[in-house]
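Chains as they are written, first to last, in our numbering: chain F, 106 to 436; chain Y, 1347 to 1675. Structure record follows, encoded as structure tokens.
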Amino acid sequence: MTAAAIASRQRTLDSVVATARRNTWTIGLLGFLALLLAFTKLIQPSYGVAAVQGLGIGVLPLAFAAVAQGVAVIGGGIDLSIGSMMALTSVVTATAMQGQGEEFGVAVVVAVLLLGLALGAVNGALIVITRVPDIVVTLAMSFVWAGVALLVRAAPGGGASHWLMGLATGSFANEWVPKAAVVLVVTVAIIWIPIRGSRLGLSIYAIGSNRPAAFRSGVAVGRTRFLAYALTGLFAAFAGLSLTASTGIGTPVPGPYTLESVAAVVLGGVSLAGGRGGVFGPIVAVVVLQLIATDMTFLNMDSNLALVAQGVILIGVVMFGSLIQLRRARA
Amino acid sequence: MSATPPANRWLRVDAWRGLLRDRPIIPLVGLLVLLVVVIELADPGIVNPEWASVILRASVPLAILAGCQTLTMLTGGIDLSVAAVASMAGFVTATLVNSPGGVIEGIAVALVAAALAGLLNGIGVGVFRVHPLIMTLGMSFVVLGLANVWQLQMVQTGAGVPSSLRTLGTGTFLDVLPYSLVVFVPLMLLILLGLRRTGFGRLLYAIGDNPVAARLSGARAWQVLIALYVISALMAAIAGLLITGLTNTASVSLVDTSLLPAVAAAVIGGTSILGGRGGFGGTIVGALILTVLTALLTVLGLPEPTRQVLFGAIIVVVAAAYTRVTAES
């Protein structure tokens, strides 16, 4: 083996180690998820293909919502209007697709994604122009988007193209791989990975981690925040589409997705202070939370205790994280 | 030479800016009066003592919940657990109505449970430095879940909203002054004076304005924060009891729809979500504005969706106005 080959192998190894180190939290979560799946199989031997596919469909909307929230939080903001944007994009999809052909459905999906991008862009523009704190603007806009959703459709209803519903149900290649999971990972990977590697991605992390420093280094802070919120809107539209895909209808009243997405983001290793974490950790966190709730039903525990557990886990994980930081600060 | 103010000083933009910055309550009251005038013009004769009484009854619980947000926002925090705690308090009291201790026992259990939730919030935020948003969000899951468990346990015993709470929530003196003011006015005075005149109140501002400076001046932030979140939870419980009486309903999710309006009322009232700026007076007017606005939009025959859209738009506009005047000082 030549010295150059050894050096190149060393470099590959280094980069693998560096990637693992950067994603410790996500890898740990994945490990925990594997343990949890094994535990589930142990307490409920009939847990099988159907349940895994159900899990895939069940987590899809919240997983996309968590990705959307992840982008906003990494950029140092927070978006409390995600649930409302999901409701709006979902009712628009269901209303437009009702009684229409399959090809028209494709056009609807494209239009709804653009709509999501536009909703997020409005949020971002308002935040940048008015200089009102993100949390206040998105809180106010959550009323606005939910109101518009009710204007589009006063009651749950509408329809969905068969191919859209087909995307969320069933399996892919192997019966153990839910199609919903593939759709989720592929969509997020196609959109987020190129962005993360680009100048825009670096800028989003930079303004989240230290805004004045980012500004002084020549990052266009306003434009980056605007684009980050537009991206959040886009992922919220994906979440709204998956709501329609999994239920076949559109519901104008926002679900509990906004606050649950904040919880998932934090559990997924994204710092609320911004600039830290990724979007895949939150996805794993959503699956873990869902599986814990399922397990508690299998153990014949009151399903409401699952909610308690979710709260305790959320607080516990953040407490643990801040304790480590406090100790580090002292050392 | 003492500078005499020019005669036309109120015609200058700066003067209005200064007014909005230093005494935000004056323009807010102006906005409230304007809304009342508009509602009278839209439906002549609607503004009368009975109408005012209805508005007051609806505003009191909202103002208390917004007070929780105001106090926590002054320190740079927020309390998202108020809705769950308030619903829980009303629900627990209703389920214990047939217990030996009756209503008093129910209220006592509810207040103790609320104080416990607040204590845990305070320990999390103050001692373990958990972000208030996360701490109180997690606590709201815990409280809601436990309230649901309680609901299943208590389902056989029968429950009902105690008549005393119904009277407190809906009754009026001489058909005008709501009984709930008996609870609200002392609480309001306590908070207003507490914020201005006591060390505790000044500490809230100090911690929110500059936590490092507050610590260097000897403030023990963790003690203040624990007390603060206990107070906030107790206030939420009181608001929950009033809402339970007002609506004659006991449910574990009764107050959920008031959470975001409570934050909105505090923001409209001039309290900065970043901490250190604001007060309870503005919040009360903010709660009144939101209630009158809802009434106005109903009178105008606007459907619920349009109301929500306008609601959101107004919050953005008012918050933007504050940010503008405070940023340029």
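Note that beta-carbon positions come from the ideal geometry of N, C-alpha and C, so glycine has one too.
Residue-level contact to chain F via CB, residue i, 8 angstroms cutoff
{"i": "Pro-1651(Y)", "result": "yes"}
{"i": "Ser-1675(Y)", "result": "Reliability fails at Ser-1675(Y), whose pLDDT of 46 lies under 50, so the model's placement of it is uncertain and the value that follows must be treated cautiously. With 8 angstroms as the cut-off, Ser-1675(Y) does not count as an interface residue toward chain F."}
{"i": "Val-1522(Y)", "result": "no"}
{"i": "Gly-1616(Y)", "result": "no"}
{"i": "Ile-1480(Y)", "result": "yes"}
{"i": "Ala-1665(Y)", "result": "yes"}
{"i": "Arg-1561(Y)", "result": "no"}
{"i": "Gln-1415(Y)", "result": "no"}
{"i": "Arg-1475(Y)", "result": "yes"}
{"i": "Met-1485(Y)", "result": "yes"}
{"i": "Gly-1517(Y)", "result": "no"}
{"i": "Pro-1491(Y)", "result": "For the record, residue 1491(Y) in the displayed sequence is Gly; it is not Pro. Taking Cβ atoms only, chain F reaches closer than 8 angstroms to Gly-1491(Y), which makes this a yes."}
{"i": "Thr-1603(Y)", "result": "no"}
{"i": "Gly-1647(Y)", "result": "no"}
{"i": "Gln-1569(Y)", "result": "no"}
{"i": "Thr-1421(Y)", "result": "no"}
Where residue i falls: helix, strand or coil (DSSP)
{"i": "Ser-195(F)", "result": "helix"}
{"i": "Gly-225(F)", "result": "helix"}
{"i": "Ile-420(F)", "result": "helix"}
{"i": "Tyr-152(F)", "result": "coil"}
{"i": "Arg-432(F)", "result": "helix"}
{"i": "Pro-317(F)", "result": "helix"}
{"i": "Met-1485(Y)", "result": "helix"}
{"i": "Asn-1467(Y)", "result": "helix"}
{"i": "Leu-1426(Y)", "result": "coil"}
{"i": "Arg-1623(Y)", "result": "coil"}
{"i": "Phe-248(F)", "result": "helix"}
{"i": "Ala-342(F)", "result": "helix"}
{"i": "Ser-113(F)", "result": "helix"}
{"i": "Pro-1446(Y)", "result": "coil"}
{"i": "Arg-1542(Y)", "result": "helix"}
{"i": "Ile-1392(Y)", "result": "coil"}
{"i": "His-267(F)", "result": "helix"}
{"i": "Gln-1499(Y)", "result": "helix"}
{"i": "Arg-328(F)", "result": "helix"}
{"i": "Arg-236(F)", "result": "coil"}
{"i": "Arg-1566(Y)", "result": "coil"}
{"i": "Ile-132(F)", "result": "helix"}
{"i": "Ile-468(F)", "result": "There is simply no residue 468(F) to check, as chain F begins at 106 and stops at 436 in what is shown."}
{"i": "Met-1434(Y)", "result": "helix"}
{"i": "Leu-1399(Y)", "result": "For the sequence presented, residue 1399(Y) should be read as Ser rather than Leu. Helix."}
{"i": "Arg-1475(Y)", "result": "coil"}
DSSP bridge partner residues for residue i (one or two, in chain order)
{"i": "Gly-262(F)", "result": "Gly-355(F)"}
{"i": "Asn-279(F)", "result": "Phe-277(F)"}
{"i": "Thr-1518(Y)", "result": "Pro-1524(Y)"}
Below-8 angstroms beta-carbon distance, residue i vs any chain Y residue
{"i": "Ser-427(F)", "result": "yes"}
{"i": "Leu-256(F)", "result": "yes"}
{"i": "Asn-409(F)", "result": "yes"}
{"i": "Leu-412(F)", "result": "yes"}
{"i": "Val-253(F)", "result": "yes"}
{"i": "Leu-419(F)", "result": "yes"}
{"i": "Val-423(F)", "result": "yes"}
{"i": "Arg-330(F)", "result": "no"}
{"i": "Ile-236(F)", "result": "The residue asked about is misnamed: residue 236(F) is Arg in this sequence, not Ile. With 8 angstroms as the cut-off, Arg-236(F) counts as an interface residue toward chain Y."}
{"i": "Gly-180(F)", "result": "no"}
{"i": "Gln-415(F)", "result": "yes"}
{"i": "Leu-231(F)", "result": "yes"}
{"i": "Leu-167(F)", "result": "no"}
{"i": "Leu-364(F)", "result": "yes"}
Whole-Å CB distance - residue i paired with residue j, under 8 angstroms assumed
{"i": "Leu-134(F)", "j": "Ala-369(F)", "result": "In fact, because the Cβ distance is near 11 angstroms, the residues do not count as touching under 8 angstroms."}
{"i": "Leu-1588(Y)", "j": "Gly-1515(Y)", "result": "5 angstroms"}
{"i": "Trp-268(F)", "j": "Ser-186(F)", "result": "That belief does not hold up - the Cβ atoms of Trp-268(F) and Ser-186(F) are roughly 29 angstroms apart, past 8 angstroms."}
{"i": "Leu-1634(Y)", "j": "Leu-1378(Y)", "result": "6 angstroms"}
{"i": "Leu-1550(Y)", "j": "Leu-1541(Y)", "result": "7 angstroms"}
{"i": "Arg-1403(Y)", "j": "Ser-1597(Y)", "result": "In fact, because the Cβ distance is near 19 angstroms, the residues do not count as touching under 8 angstroms."}
{"i": "Ser-100(F)", "j": "Leu-348(F)", "result": "Lying outside 106 to 436, the shown extent of chain F, residue 100(F) is not represented and no answer is given."}
{"i": "Arg-376(F)", "j": "Phe-1474(Y)", "result": "Inspection of the sequence shows that residue 376(F) is occupied by Ser rather than by Arg. 15 angstroms between Cβ atoms; not a contact."}
heavy atom of the ligand NAD below 7 angstroms from residue i C-beta
{"i": "Asp-400(F)", "result": "For the structure depicted, the ligand NAD is absent and the ligand set is empty, with no information on it obtainable."}
For this session: Would you list, in chain order, the members of the segment 238-250 of chain F that have their beta-carbon closer than 9 angstroms to a beta-carbon of chain Y?
Result: Of all residues in the segment 238-250 of chain F, those with a C-beta nearer than 9 angstroms to a C-beta of chain Y are Pro-238, Ile-240, Val-241, Val-242, Leu-244, Ala-245, Met-246, Ser-247, Phe-248, Val-249, Trp-250, reading in chain order.
Exercise. Looking at chain Y, which residues of the segment 297-320 of chain F have a Cβ within less than 9 angstroms of any of its Cβ atoms?
Worked result: The residues in question: there are none.
Exercise. At a Cβ cut of 7 angstroms, what residues of the segment 368-394 of chain F count as close to chain Y, listed as they run along the chain?
Worked result: Answer in chain order: Ala-368, Val-371, Leu-377.
For this session: Compile a chain-ordered list of the residues in the segment 186-197 of chain F whose CB is closer than 8 angstroms to at least one CB of chain Y.
Result: Listed in sequence order: no entries.
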